[in-house]
Every structure is written in structure tokens, then in C-alpha cells.
Amino acid sequence: MKPKNMPQIDIPVKKLIQRRPADWAKFIHPDCREEWVTEFRTNYTPKKESRLDSVLEITDPNYPYLLNFEPMGYRDDTLPARMLRYRGDIWEATMTEGGGTPPIKQIVVFFYKKDDNGQHRLQDRWEHGILEYTYAVIRVWEESRQKVIDAKLLGLYPLLPLMKGDKQETPEQALNECISVIQEIKDESLQLDLLALMAIMAGGKYSSELVLSMIRREMIMQSPIFQEWVKEERAEAEARGKIMGEAIGKARGEAIGKARGKTEMAQDSICKYLKARFGASSQALQQQVKTISNLTELNRIIDNIYTTNTLEEAQAVVLGAN
-19 MKPKNMPQID
-9 IPVKKLIQRR
1 PADWAKFIHP
11 DCREEWVTEF
21 RTNYTPKKES
31 RLDSVLEITD
41 PNYPYLLNFE
51 PMGYRDDTLP
61 ARMLRYRGDI
71 WEATMTEGGG
81 TPPIKQIVVF
91 FYKKDDNGQH
101 RLQDRWEHGI
111 LEYTYAVIRV
121 WEESRQKVID
131 AKLLGLYPLL
141 PLMKGDKQET
151 PEQALNECIS
161 VIQEIKDESL
171 QLDLLALMAI
181 MAGGKYSSEL
191 VLSMIRREMI
201 MQSPIFQEWV
211 KEERAEAEAR
221 GKIMGEAIGK
231 ARGEAIGKAR
241 GKTEMAQDSI
251 CKYLKARFGA
261 SSQALQQQVK
271 TISNLTELNR
281 IIDNIYTTNT
291 LEEAQAVVLG
301 AN
């Protein structure tokens, strides 16, 4: 289950893992072959929201296993317990379908130092046994940028600005190198996706002014992954709005109720992002969002709010609706 203050960066990252799964598998095990990597598929649905969509199946002839990635763009002190639940959910799925308990390699990927509390182990002792549980941790800032470039792991290119490069480089030089590497990719759709995700990820380390001066906002908006992400966010808001609207409609008229429900859910989606991205300092802006009743304007905000990296940028997007 997502924490209430969870930022949104892990959602497009998951989409990229699904699009370039072999790159992520090779990052963990360089000898892994692309033909061994497939998305783990199951008809089992956990009782609680889980991350069965973050699992890859590696059919290594010598040692087949499942690979469970968990991108982390926020701090969560309950992470070890949550990862243990994910392992249980995966095994419950495989056991339900007669597959037993295959080996699972769990990898947590931290993008920023502030999100890693260093606690990644669970221990319990009782009269019938001992529990010792942990998982592998990748701290992106400790990884070599050149290693990823040399291996041509395109699926990890959006993380290049967060990785170790030349100690003497300026932020401009670092971003320019990373952008240049992506611009060498001939697949235009993939190139746009990688640039869009790089802009989002780099915004957690560099100033948004610098990032958007080098990766233009319109390039981000053209990314298929970014468009799909925004579309899903809007569809989720509309679906919740329909449910609320139907409830309101019984008492106040169906048409009015549905419209009001969609408006309130759009407001809620925007406010959730503001709270996740900027915390308590965004409360005044959240209150301002709740005064906007025009659904078209709220949809415009949804289209633009996810590319903001500072509260000032978010405020400019919201104020543009008034």
C-alpha cells in the first residue's frame, strides 16, 4: 500500500522497468541474457495492494529466479516489513498456481540519500525458530555513470545524472553529458521517454531552472510514458469522481453530483501530489486548488503539475488557472 505522502516518481520509473526489463536485470547480473527476462505474470490478486507488477521472471538455465524491484523516491521507515509482505504476496501467488516457492531476489533502489534510513533488516526470535530477513539495496548515487553507459543499459539512462561522474564536473557538464548520451538513441519514442524521466529524476538533485533549460518542458510532455502516466492519473480521478458523483447524485441530482464528484477528485489528485512533493509548505496552495471549480482548468493543472520541481513552479501552474 502506498504511504499517504508518497511522491509520484516511482510510477514512471516502474513503467520504464516494464519497457526495458532486461536492462535492469543486467544491471544486477551483467551475465543475464535478454531472452531470459520476462515479466512475471499471475492471475492471483493480493488482498491488499501490492507490487506484483514489479516482478521479473529470469529463466536462467542454471538458476531460475524471480527479481522484485522496488524503486524508492521517498522515505519509509516501514520498508522492511513492506518488502517482506511483497515476498509473501509473490510466494502466495506462485503457490496458489502450483509453482511452489521459487527463489526471489528483492532489490530496493534508492535515488536520493535523504530517503534511505539505513534500516533494511528484520529479526525475530521465538521458541520455535529465528527470522532473519533482508534484501539487496542499490544507492544510485554510489553507482558509476560510466559503467551504465559502457554497458548500454538504456533503461537506466534517466538515472545517469544521479550517479557518480567526474568529480570536477559542474552540474551543467553532468547534465549535458547525460542528455548527449540519450540523444544518440535512434528510437525517437524511447529517447523522449528517457529524457522526460531524466528531467523528473534530475529535479531531485539539480535546480529545476537548470534542468528545464536543458530539457524543455514540451519535450517532457511529448513523452509517451509521461502522457500515459498523466492519462492514468486523470482516469483514476474521474473514476473516483464517478463513484462519489453517483452517491451525491442520489440526493442532489445525478448530473450535478457527477460533475461535482469529478471536480472534487481532480482537486484531490492535485493536492495529493502537492503534499507528497512539497509537504506542509504547500498547504496554502492546496487550499487555493480547492477553490477552483472549473474541471477544464483542473485538468490543465493535472497536465502540467507533474513536471514542476519547486513549490514556486507549482504555484505558477495553479495560478495560471485563475
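Throughout the sequence shown, residue numbering follows my numbering, covering -19 to 302 in sequence. Here a beta-carbon is modelled for each residue, glycine too, at the ideal position from N, C-alpha and C.
Straight across, the Cα-Cα distance linking V298 with S261 is about 15 Å.
F7: member of the alpha helix (DSSP H) spanning 1 to 8, first to last residue. In the DSSP assignment, K85 falls within the unbroken beta strand (DSSP E) covering 84 to 90.
Contact between the stretch 184 to 193 and the stretch 151 to 158 is present: three or more C-beta pairs spanning the two stretches fall below 8 Å. Residue state for P51 is assigned as strand, using DSSP reduced to three classes. Secondary structure note for D96: it is in no alpha helix (DSSP H), with a DSSP letter that is neither H nor E.
Annotated as distal: L102 and L133, with beta-carbon spacing of 8 Å or more. For the pair M194 and L139, the CB atoms are not nearer than the 8 Å cut-off. The DSSP-derived three-state label of L46 is strand. By the Cβ criterion, the stretch 46 to 59 is in contact with the stretch -10 to 6, since at least three pairs of Cβ atoms, one from each stretch, lie closer than 8 Å.
The criterion of a C-beta distance shorter than 8 Å is not satisfied by L172 and V(-7). If you draw a straight line from the Cα of T290 to the Cα of P51, it is about 22 Å long.
Inclusion of P60 and Q99 in the CB contact set at 8 Å is warranted, their separation being smaller than that value.
Taking the Cα positions, I84 is about 7 Å away from R67.
K(-5) counts as buried, since at least 16 other C-beta atoms from the protein chains shown sit within 10 angstroms of its C-beta.
Of all alpha-carbon atoms in Y115, Y137, M245, the one lying nearest the alpha-carbon of S124 is that of Y137. Here the alpha carbon of A131 sits roughly 11 Å from the alpha carbon of D11.
In this structure, the beta-carbon distance from L278 to I250 falls below 8 Å. Of the residues assessed, R257 falls on the buried side of the cut-off, its CB having 16 or more other CB atoms within 10 angstroms.
P141 is the residue among L170, P141, E157, S169 whose C-alpha sits nearest the C-alpha of A179. Across the structure, L254 and A294 are spaced so that their CA atoms are roughly 8 Å apart. Between W121 and K94, the gap from beta carbon to beta carbon reaches 8 Å or more. Per the C-alpha coordinates, the member of G184, V161, K185, Y186 positioned closest to L174 is V161.
When only Cα atoms are considered, Y43 and V128 end up about 25 Å apart. Inclusion of A73 and Y113 in the CB contact set at 8 Å is not warranted, their separation being larger than that value.
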